[in-house]
Amino acid sequence: RVIAVVMDRTKSMSIGDAAGGKTRREALIETIGTFRGQLEDLGENIEVRFFDFDTGLVPLELARDQLPARETTGDQTAMGNVLEKVLQESRNQQISGVVLMGDGAQRAVAPFDLDPRRVARMLGDQGLPVYTIPYGASGASDNAIDVSVDDLLVDRVVFANKAVIVRARVRLVGAANRDITVRLKVEDRTGKTIGQSGPMVQPPPTARTSPIRRITTTRNEDVRQVELSFVPSQPGEFKISVEVDGLVEEVRKTNNRRRSLISVRRGGIRVAYIDRPRPEIRSVQLLRASEKIQLETHIVRPGPNGRAAGLTAELFAPGQHDVYILGNVPASMLGRDHLASLAARVREGAGLLMLGGFSAFGAGGYANTPLDALSPVAMSPAELQGSGDIETDLHLMQDIRVIPTDAGLAHFIMRVADSGETNRARWEALPPLEKANRIRPKNEFIDVLARDTDGNAILLSADTGTGRLIAFAGDSTYFWFQFGHREVHQRFWQQMVFWLAHKEDDTDQPIWVQVEPRTFNAAAEVPLRFGARDEQGKPIDDAQFQVRVLAPGPRRVDLKPRKDLDAFSSRFTETAEAGDYWVEVNASRDGQSVGLPARARFLIDARDLELDDPAADPGLLEQIAQLSGGARFAPEQFG
């Protein structure tokens with residue numbers, strides 16, 4: 079009979095967290111050396127066979143005095159796949175048991191990602207137990223040293239000559255009292271075409287930007303939030319990366335960098351959003367999904383005199399913004415000077431959207447302010463919300479369904495579908511808002527675009543001939559995208575902004591393609607969404623698409639499109655190689671091209687499965703042993 083000794087040779091076994099500072103692989107080899115004589119003398123009818131493993135079994139021919147090699151070259155720990163190979167071997171050899179030696183962490187991607195617990199059950203059913211020997215620490219050891227960029231946050235669409243904020247989360251392990259340099263780098267695409275990547279360069283600092291930071295910590299394990307910034311000067315699509323200077327002692331350095339893509343536009347609808355912290359902020363922030371909207375958010379809190387801290391007169395200066403969104407901010411926090419400047423901007427042609435909230439409209443003290451004469455809402459000083467309990471008579475404190483009026487169904491703002499019946503049905507399918515302000519139109523010239531089921535006005539609009547105004551009584555549309563109605567939510571919010579900015583007639587390119595997110599790990603499946611529009615902006619449902627991905631190499635991969643509910647899509651899976659990928663979409667109708675091809679870029683990050691998270695997993699080895707009818711032993715119990 080045969081006993082199979084199966085030994086992990088992957089990169090994570092190079093971690094030096096075994097006893098005496100040895101690597102896991104060195105400790106494993108020491109175990110074999112110590113007990114080799116007992117293995118060889120188990121009996122005349124028992125043969126011990128040695129195997130290394132990573133994604134598969136590697137038979138070893140070891141002489142009696144020969145030990146396994148120290149090399150740890152495997153890129154994936156595929157214990158499920160390996161144990162399945164042992165099961166297959168057992169049909170040709172009389173294998174009576176398996177000794178599985180390693181750190182126990184399954185690190186594998188398709189097609190090697192078979193769950194080892196599933197195979198362990200099968201081995202147990204065949205009477206073939208697995209005895210496991212764990213090596214390595216299940217957490218960061220005291221002498222481990224690693225600096226990584228765990229996350230990178232930046233707006234997908236930014237604007238030329240305006241400061242761009244890039245936020246990163248940097249994890250420091252074993253770097254106490256060490257200076258760590260964090261750098262922002264931006265792609266230089268000078269002279270580059272589609273399919274060509276540009277070099278990454280550090281942008282110059284300015285009086286208002288900082289592309290480099292130095293951080294330090296006194297703790298052995300720490301997480302720091304780092305904010306970097308730069309000013310893009312040219313429009314286009316660019317790679318950016320946040321990088322930390324690696325430390326000499328680091329074993330893994332593939333996590334020292336995190337990348338993303340940004341689209342730099344010449345300009346867009348400049349929107350200033352002013353609000354206090356609340357969940358509906360998420361709804362407004364989604365306006366950034368439109369490449370035509372340049373959103374600037376001001377989350378305010380009261381200063382020493384009750385006024386909003388951080389709001390300057392420049393925010394309300396002429397020509398600074400095309401649209402203002404005013405949230406749950408009482409008039410007293412803005413002050414009469416800011417309100418007068420805001421009213422002046424609306425008279426000059428800016429748009430104003432007033433949102434619901436306990437401190438909005440009359441409840442927020444906007445009666446008899448400079449905005450009162452412009453607002454489509456009738457307000458009274460008697461409606462002012464005091465500092466005590468919420469005045470429930472000023473609000474609709476129940477679930478509110480937004481029902482478009484007949485005028486609303488025909489209005490640009492409320493058209494979330496192309497046909498009237500589908501439009502109505504989409505609004506009826508939306509979940510209700512949590513509550514709303516009780517508002518009423520100022521006069522008969524105000525358009526009531528939506529009411530609730532009891533007939534209360536929910537959405538009012540007014541066009542002064544220069545400026546435009548919207549009063550929306552709700553403050554919880556985040557429920558819409560949260561419960562799967564993201565397209566309706568997005569169209570509604572964007573169309574409010576487009577209408578306020580007199581941009582409702584703007585049309586996008588006929589063919590479009592979208593890749594979200596923009597950065598993926600190696601071996602990930604990348605979703606692509608695309609479509610085509612006619613001159614009225616309506617989807618062309620019978621278009622024929624040709625979808626091609628240009629991958630590193632270079633390789634060209636054609637994809638098959640499939641029709642979804644509101645667009646077309648494809649899945650790209652050939653992402654084993656790290657680098658830049660471009661997707662190109664062409665569309666035709668009745669043999670005629672619909673327009674210029676649409677292109678998008680996405681990134682596949684290099685990922686070291688073994689070293690990005692090298693923690694051992696003795697618990698999984700325990701499960702494998704139990705499910706197969708074996709047991710787990712510490713290395714010193716090997717005898």
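Read in my numbering, the sequence shown has 555 at position 477, and its numbers run on one by one without any break. Just so it is clear, CB atoms sit at the ideal spot from N, CA and C, and this is done for glycine as well. Here the structure is a predicted model, which is why all the values come from computation and not from measurement.
Within the model, the alpha-carbon separation for Asp300 versus Arg234 is close to 28 Å. The continuous beta strand (DSSP E) containing Met85 extends over residues Val80 to Asp86. Where Leu698 is concerned, the enclosing alpha helix (DSSP H) starts and stops at Pro696 to Ser706. Each of Met475, Pro194 and Leu433 was checked against the Cα of Val455, and the nearest Cα belongs to Leu433. When the five nearest sequence neighbours on each side are left out, the beta carbons in the same chain lying within less than 8 Å of the beta carbon of Gly384 are those of Ser410 and Met411, in order along the chain. Rounded to whole angstroms, the Cβ separation of Phe436 and Ile468 is 6 Å, and the two are in contact under 8 Å.
Inter-residue distance for Ala503 and Ile517 is about 25 Å (C-alpha atoms, whole angstroms). With respect to the 7 Å criterion, Arg249 and Asp228 are classified as neighbours on the basis of their beta carbons.
Looking only at Arg479, Ser458, Arg103 and Ile481, the smallest Cα-Cα distance to Leu472 is reached by Ser458. Residue burial is scored here from C-beta neighbours: Ser671 has fewer than 16 other C-beta atoms within 10 angstroms and is therefore classed as exposed.
A straight-line Cα-Cα distance of about 21 Å links Phe237 and Ile377.
The C-beta distance from Ser216 to Ala693 rounds to 5 Å, short enough to meet the 8 Å contact threshold. The three-state reading of DSSP puts Gly442 in helix, counting H, G and I together. Contact annotation, Gln184 with Pro194: C-beta distance approximately 6 Å; criterion of less than 8 Å satisfied.
Looking only at Pro408, Asp450 and Phe439, the smallest Cα-Cα distance to Ala422 is reached by Asp450. Within 10 angstroms of the beta-carbon of Phe128 lie 16 or more other beta-carbons, which makes it buried. Taking each of Ala535, Thr483, Gln116 and Val362 in turn and checking the Cα distance to Phe570, the smallest one comes out for Val362.
Sequence-distant Cβ neighbours of Ala97 in its own chain, meaning closer than 7 Å and more than five residues away, are Ala105. As the crow flies, the alpha-carbon of Leu339 is around 9 Å from that of Ser319.
As the crow flies, the alpha-carbon of Arg335 is around 11 Å from that of Arg247. Pro194: member of the alpha helix (DSSP H) spanning Pro194 to Asp203, first to last residue. Here Met91 is buried: its Cβ has 16 or more other Cβ atoms, across all protein chains shown, within 10 Å. For the beta strand (DSSP E) assignment, the uninterrupted runs of no fewer than 3 residues enclosed by the region 397–428 are, from N- to C-terminal side, 401–404. Counting only residues of its own chain and dropping the five nearest sequence neighbours on each side, Arg649 has a CB closer than 8 Å to the CB of Glu603, Val604, Pro605, Leu606 and Leu637.
Nearest C-alpha to Val661 among Asp642, Ala684 and Arg633: Arg633.
The beta carbon of Gly111 sits closer than 6 Å to those of Leu145, all from its chain and outside the five residues before and after it, given in chain order.
For Ser307, the uninterrupted beta strand (DSSP E) segment begins and ends at Glu299 to Phe308. At least 7 Å separates the beta-carbon of Arg425 from that of Gly562. When only Cα atoms are considered, Tyr444 and Ala418 end up about 12 Å apart. Pro357 and Asp266 have their C-alpha atoms spaced approximately 38 Å apart. Assigned with DSSP and collapsed to three states, Arg348 falls in strand.
By the neighbour-count criterion, in which a residue is buried when 16 or more other Cβ atoms sit within 10 angstroms of its Cβ, Gly99 is exposed. In the DSSP assignment, Ala535 falls within the unbroken beta strand (DSSP E) covering Ala535 to Asp541. At the C-beta level, Val663 and Val635 stay beyond 7 Å of one another.
With fewer than 16 neighbouring CB atoms inside 10 Å of its own CB, Ala507 falls in the exposed class. A residue is called buried when at least 16 other Cβ atoms come within 10 angstroms of its Cβ; Thr101 meets this threshold and is buried.
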